[in-house]
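First comes the structure, then the notes that go with it.
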Amino acid sequence: MADLPQHVDIHEEGPREGFQIEPGPIPSTEKIALVEALAETGLRHIQVCSFVNPRLVPGWADAEAVAGGFRPKPGVHYTGLWFNESGLRRALAFRERLTVTGSISLSASDAFSRKNLNRGHAENLEAMRKQTAAHLEAGVPVTRLGIMAAFGCNYQGDITPAQVVQTVADGLAIAGEAGVAITDLSLADTMGWATPIRIERGIGAVRERWPDLRIGLHLHDTRGLAVANAHAGLRLGVTKFDSTVGGLGGCPFAGQKGAAGNICTEELALLCEEMGIATGIDLDALIEVGRLAERIVGHQLPSELIRAGSLAAFRRRVAA
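Sequential numbering from 36 applies to the sequence shown in our numbering.
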């Protein structure tokens with residue numbers, strides 16, 4: 036069961052995930068400032084914006100301004116998010132600045148699919164077939180499969196490992212029809228239903244069927260278990276995690292107003308650091324960026340490290 040990785044890839048989604056749910060309006064210049072500050076912390080993957088319908092997600096009405104406004108740092112991969120062909124076209128306009136790759140995005144909960152995407156599972160399968168074809172026609176590789184609500188759903192209740200396995204199978208079938216190979220699978224705890232045992236059972240069921248898929252976790256801290264769930268993932272050898280600085284964000288369609296957002300990047304980095312797992316992140320610098328994010332949104336964020344600081348900082352103080 037315990038197979039700790041030596042290094043993990045942390046994909047920072049704070050700008051995209053956070054600013055989609057803040058009431059705002061938050062100026063584009065401040066969003067850009069956060070993106071650029073994050074790039075100075077050692078993070079190598081930053082999701083900067085969401086190319087979605089501004090009527091549904093007004094916080095990203097300025098996606099083009101942000102995607103075109105930040106100063107790219109060499110060695111950092113910047114990405115965006117989209118859910119349809121219109122969003123893909125918008126992202127492709129920034130192909131020289133953003134790493135544009137495709138994914139097949141499904142939900143293990145039919146009820147959440149309807150809330151989040153306004154289409155049920157069967158309709159979403161057809162939409163993903165069309166989206167995959169559009170990606171390939173545009174020369175965009177499709178190597179990732181994402182499963183939302185993989186551990187439970189506020190609208191549908193418990194999600195079993197068998198349901199996740201079936202949803203993964205549906206996504207891989209779409210990839211097979213299109214002639215593409217999926218190498219990465221993201222399991223998302225979209226509404227914070229995961230517990231360590233659910234993480235173990237979900238990952239175990241998927242690995243039993245597809246042992247070669249690289250599994251990543253997208254964890255929310257809705258019920259305060261994100262760090263515990265990350266620990267469970269690390270013990271299973273998971274090497275890719277999505278997170279948000281300060282704990283920014285949350286899904287606007289989860290039906291739980293005021294719930295905490297994603298696992299805090301700095302808390303995930305601290306966990307890894309104390310377990311001897313490399314992240315490449317300057318934790319103290321990241322904590323300062325968390326404080327910047329808190330100033331930008333104008334309210335307290337969930338991160339405990341924004342107030343407590345890192346253990347390394349106190350070790351240095353003791354040693355002085």
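Quick reminder that beta carbons are idealized off the backbone N, C-alpha and C, glycines included.
Boundaries (first-last residue) of the alpha helix (DSSP H) holding residue i
i                 : result
phenylalanine 276 : No alpha helix (DSSP H) contains phenylalanine 276, which is instead part of the beta strand (DSSP E) from 275 to 278.
leucine 73        : 63 to 74
cysteine 307      : 300 to 309
histidine 170     : 156 to 172
valine 262        : 261 to 270
Enclosing beta strand (DSSP E) for residue i [first to last residue]
i              : result
aspartate 219  : 219 to 224
serine 144     : Counting along the chain, serine 144 falls outside any beta strand (DSSP E), and DSSP gives it neither H nor E.
isoleucine 209 : First-last for isoleucine 209: 196 to 213, but that is the alpha helix (DSSP H), not the beta strand (DSSP E).
histidine 42   : Looking at the DSSP string, histidine 42 is not in any beta strand (DSSP E), and its letter there is neither H nor E.
arginine 179   : 177 to 183
Whole-angstrom distance between residue j and residue i, CA atom to CA atom
i             : j                 : result
glutamate 172 : lysine 165        : 10 Å
glutamate 212 : threonine 218     : 16 Å
arginine 149  : leucine 180       : 19 Å
histidine 42  : leucine 220       : 18 Å
leucine 160   : proline 176       : 18 Å
alanine 98    : alanine 354       : 46 Å
glycine 290   : glycine 214       : Confidence at glycine 290 is low in this model, with a pLDDT of 48, below 50, so the placement of that residue is unreliable and no value is reported for it.
methionine 36 : proline 246       : In this prediction, methionine 36 has a pLDDT of 44, which is less than 50 and means its spatial position is unreliable; what the coordinates show is noted afterwards. Each residue's alpha carbon lies about 14 Å from the other.
proline 89    : arginine 330      : 24 Å
arginine 351  : valine 280        : 24 Å
glycine 192   : glutamate 235     : 19 Å
threonine 76  : leucine 69        : 11 Å
glutamate 65  : leucine 269       : 33 Å
arginine 342  : alanine 162       : 44 Å
glycine 49    : glutamine 82      : 7 Å
arginine 249  : phenylalanine 147 : 25 Å
alanine 169   : alanine 204       : 21 Å
leucine 346   : glycine 311       : 14 Å
aspartate 319 : leucine 39        : 24 Å
valine 332    : isoleucine 61     : 7 Å
histidine 80  : alanine 197       : 31 Å
leucine 78    : glycine 155       : 36 Å
histidine 266 : threonine 230     : 11 Å
alanine 216   : threonine 178     : 6 Å
serine 142    : threonine 202     : 7 Å
serine 140    : alanine 74        : 27 Å
alanine 126   : phenylalanine 86  : 7 Å
glycine 344   : cysteine 307      : 16 Å
threonine 25  : valine 92         : Absent from the model: residue 25. The displayed extent of the chain is 36 to 355, so no value can be given.
histidine 334 : glutamate 47      : 20 Å
serine 338    : threonine 136     : 30 Å
alanine 348   : aspartate 44      : 23 Å
alanine 96    : glutamate 243     : 42 Å
glycine 174   : threonine 257     : 38 Å
leucine 321   : glycine 94        : 24 Å
histidine 112 : glutamate 323     : 21 Å
Nearest-angstrom Cβ-Cβ length linking residue i and residue j, presumed shorter than 8 Å
i              : j              : result
leucine 271    : isoleucine 238 : 5 Å
leucine 305    : leucine 260    : That belief does not hold up - the Cβ atoms of leucine 305 and leucine 260 are roughly 16 Å apart, past 8 Å.
cysteine 84    : arginine 51    : 6 Å
glycine 115    : alanine 102    : 6 Å
methionine 183 : asparagine 151 : 7 Å
glycine 284    : isoleucine 56  : 6 Å
glycine 282    : leucine 222    : Contact doesn't hold; Cβ gap of about 20 Å is too wide.
valine 200     : alanine 157    : With 8 Å as the limit, valine 200 and alanine 157 do not qualify as a contact, their Cβ atoms being about 18 Å apart.
glutamate 301  : glycine 325    : 6 Å
serine 144     : isoleucine 194 : 6 Å
glycine 296    : glycine 53     : 7 Å
leucine 303    : alanine 72     : About 18 Å separates the two Cβ atoms, so there is no contact after all.
isoleucine 298 : valine 262     : 7 Å
serine 63      : alanine 100    : 4 Å
Residue i CB to nearest heavy atom of the ligand NAP below 8 Å
i           : result
leucine 260 : The model depicted lacks the ligand NAP and carries no ligand whatsoever.
**Message:** Any contact between the stretch 100 to 113 and the stretch 128 to 138? By contact I mean 3 or more CB pairs, one from each, below 8 Å.
**Reply:** yes
**Message:** Tell me whether the stretch 226 to 238 and the stretch 182 to 195 touch, counting them as touching only if at least three CB pairs, one residue from each stretch, are closer than 8 Å.
**Reply:** Judged by Cβ distances under 8 Å, the stretch 226 to 238 makes contact with the stretch 182 to 195, as three or more pairs qualify.
**Request:** Could you tell me whether the stretch 307 to 321 touches the stretch 117 to 127, where touching means 3 or more Cβ pairs closer than 8 Å?
**Result:** Flag = no, the stretch 307 to 321 and the stretch 117 to 127 do not touch.
**Three-pair Cβ contact test at 8 Å for the stretch 271 to 282 versus the stretch 248 to 256** = yes
**Item:** Uninterrupted alpha helix (DSSP H) stretches inside the stretch 328 to 353 (no shorter than 4 residues)
**Value:** 340 to 343
**Prompt:** Mind pulling the beta strand (DSSP E) runs of 3 or more residues that sit fully within the stretch 227 to 256?
**Reply:** 249 to 254
**Asked** Can you list, in chain order, the stretches of the alpha helix (DSSP H) that have 4 or more residues and sit fully within the stretch 64 to 135?
**Response** 98 to 102, 120 to 127
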